[in-house]
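Report on one structure; see the data block that follows.
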Amino acid sequence: MFVIADNIQITRYRVEMAVKERNPEPIKQLAAQCREAGAQAIDINTGPLSRQGEEIMQFMVEAVQEACDLPVCLDTVNAKAMEAGLRAAKGPRPIINGISMQPEKLEGILPLAQNYDADLICFLLKPDGHVPKDADSRLALAVELTGILDEAGISRDRVVFDPLAVPLMWDDGGRQAVEVVETVRLLPEVLGFDARVMVGLSNLTTGRPPGPQRQLVEQTYLAMLGGAGLTWVLMNIFNPDTIATARAVGVLGSGGIFSWHF
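Take the sequence shown: its letters are residues 1 to 262, numbered as in full-length UniProt numbering.
Structure, rendered in structure tokens:
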């Protein structure tokens, strides 16, 4: 299982102050810690950033790349900031996070996926930005989005689908959690190719303070998703037990020769 750290977010005080002061050291330290904790890529979440978005994204990408050689996952809805991140990315293939059926995403982000060699995370969101209610709706969006990407010349081996885990605190959060697992299980069969699938694990427990119960829920859900065929996860890399679960899922799901050294 490919693990992306979600810990570098501009909404977190340590990162916010580093950006405000244009001091790369806290971001470099955090990136190095993410790598040491087991991250295979690092998400750089700059939010919408309508002001100075391009400059800030470039600053954050360069800071992360000074600390480690992991792929950067560029997490913003600002197309200009996204392109600035793609231009700044010098290491392994970066990741665009992401695109959906929303018109503004197709207009702003899809051309970047055509012009830059990057993996592309595809959110299974409705065109109006609403989250589908069930697996069937998510699967239908995946089929439609695949057709659009095919027409745009985006190679399928660059695509990663995100069926969107929602907070359990939502009224239908528990049912949605089950629908996401079902989407993960059915997606390769419905699409007819070995589709990669990612879930943002921290979304599930949004609103719950950190603690053993939150971590237990995330671990358990990750195991359920892994059993359904999940290949990527975006998560808090500083939860060692959840990282251990991701590694165990990867080993048990590989079908290869088993080793206790994982």
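Beta carbons: idealized from backbone N, C-alpha and C, even for Gly.
From a predicted model like this one, the values you see are computed outputs, not experimental measurements.
With DSSP as the reference, please indicate the residues paired to residue i in a beta bridge.
i, result
"residue 160", "121, 196"
"residue 4", "41, 234"
"residue 52", "Note: residue 52 sits in no beta bridge, so no partner."
"residue 9", "45"
Spatial neighbours of residue i within its chain, please: CB distance less than 8 Å, with the 5 preceding and 5 following residues excluded, ordered by chain position.
i, result
"residue 167", "173, 203, 204, 205, 206, 207"
Alpha carbon to alpha carbon, what distance is there between residue j and residue i?
i, j, result
"residue 63", "residue 15", "11 Å"
"residue 243", "residue 222", "10 Å"
"residue 158", "residue 118", "7 Å"
"residue 42", "residue 186", "28 Å"
"residue 40", "residue 163", "21 Å"
"residue 115", "residue 17", "33 Å"
"residue 189", "residue 228", "12 Å"
"residue 260", "residue 246", "14 Å"
"residue 290", "residue 146", "The question about residue 290 has no answer, for the chain in this structure spans 1 to 262."
"residue 65", "residue 28", "8 Å"
"residue 137", "residue 24", "42 Å"
"residue 273", "residue 106", "With the chain covering only 1 through 262, there is no way to say anything about residue 273."
"residue 37", "residue 234", "14 Å"
"residue 140", "residue 154", "19 Å"
"residue 181", "residue 225", "6 Å"
"residue 95", "residue 89", "10 Å"
"residue 30", "residue 52", "22 Å"
Would you call residue i buried or exposed, if buried means 16 or more other Cβ atoms sit within 10 Å of its Cβ?
i, result
"residue 290", "Residue coverage of the chain in this structure runs from 1 to 262, which leaves residue 290 outside it and unanswerable."
"residue 4", "buried"
"residue 198", "buried"
"residue 44", "buried"
"residue 254", "exposed"
Ends of the beta strand (DSSP E) at residue i?
i, result
"residue 98", "95-99"
"residue 75", "72-75"
Please work out which residues of its chain come closer than 6 Å, Cβ to Cβ, to residue i, disregarding the five sequence neighbours upstream and downstream, and give them in chain order.
i, result
"residue 57", "46, 81, 84, 85"
"residue 179", "134, 135"
Starting from residue i, trace the alpha helix (DSSP H) in both directions and tell me its first and last residue.
i, result
"residue 221", "212-228"
"residue 82", "79-88"
"residue 183", "173-191"
"residue 154", "Where residue 154 is concerned, there is no enclosing alpha helix (DSSP H), given that its DSSP letter is neither H nor E."
"residue 242", "240-253"
"residue 115", "110-115"
Enumerate in chain order the residues of its own chain whose CB-to-CB distance from residue i is below 7 Å, with the five nearest sequence positions on each side excluded.
i, result
"residue 271", "Residue 271 is absent from the model: the chain starts at 1 and stops at 262."
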